[in-house]
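Participant: All residue numbers for the sequence shown refer to numbering that gives the first Met the number 0, where the first residue is 0 and numbers rise by one.
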Amino acid sequence: MISLKAGIAISVAALIMFGSVAYFTLDASTPSLTLSSTGFFSIHNNTSKEYFVSNSTLELSINFTVYSNVLPTDIYVYDISPINNTSTKWVNITSLNGLNNFEHVTITSNGTLVELNLTVNQSAVSQMKLSDPLAGQFYPYIVQIIVISGNDNAGGFGFALLRI
């Protein structure tokens, strides 16, 4: 058996450790996912952590930097932004460059900046709960950008959409 003081010390240490992991995971603007089986592949998110959208928002611009030691490389960018992920019908809030659920880009140099436009689905925005920043009410909808390279590597990042 451990003493009461030792138990409290272990509990406090565990809380500090898990609290710092949660803070880094939720607050870091670096990618939350990077997998690589053949060489170096990394995505650096240059996108804001949140965007405010309204019924008049037509598109959002996102950008990120791709680093890879395998060049040239083809990447496929996927946009996952469900209005409701418990529904039998999947409706995305955004789509890449209008109609696509993915975009193909060829990277020819290390540190390439990729700029894409996300078209905002107006019918999905009208279904989002209204956020009121002045009242402290926020209802975020998560957009996930997944980047898969043709060399069995992947990376990604996410950001929040809030309807005002």
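Quick reminder that beta carbons are idealized off the backbone N, C-alpha and C, glycines included.
Check this for me: beta carbons of residue 58 and residue 99, under 9 Å apart or not?
Facilitator: Not closer than 9 Å, so no.
Participant: Given 8 Å as the limit, is there contact between the region 126-140 and the region 101-115, that is, 3 or more CB pairs closer than that?
Facilitator: Short answer: they don't touch.
Participant: Mind reading off the beta-carbon distance from residue 72 to residue 150? Whole number of angstroms is fine, and I expect it under 8 Å.
Facilitator: Confirmed, about 6 Å.
Participant: Under the assumption that residue 112 contacts residue 64 (Cβ atoms under 8 Å), give the Cβ distance between them as a whole number of angstroms.
Facilitator: About 5 Å; that satisfies the 8 Å criterion.
Participant: My parser needs the beta strand (DSSP E) runs of 3 or more residues fully inside the region 113-151; what are they?
Facilitator: DSSP runs (the beta strand (DSSP E)) wholly in the region 113-151: 140-148.
Participant: Measuring CB to CB, does residue 40 end up less than 9 Å from residue 69?
Facilitator: Yes, they are a contact pair.
Participant: What does DSSP give as the partner residue(s) for residue 157 in the beta ladder?
Facilitator: Answer by DSSP bridge pairing, in chain order: 143.
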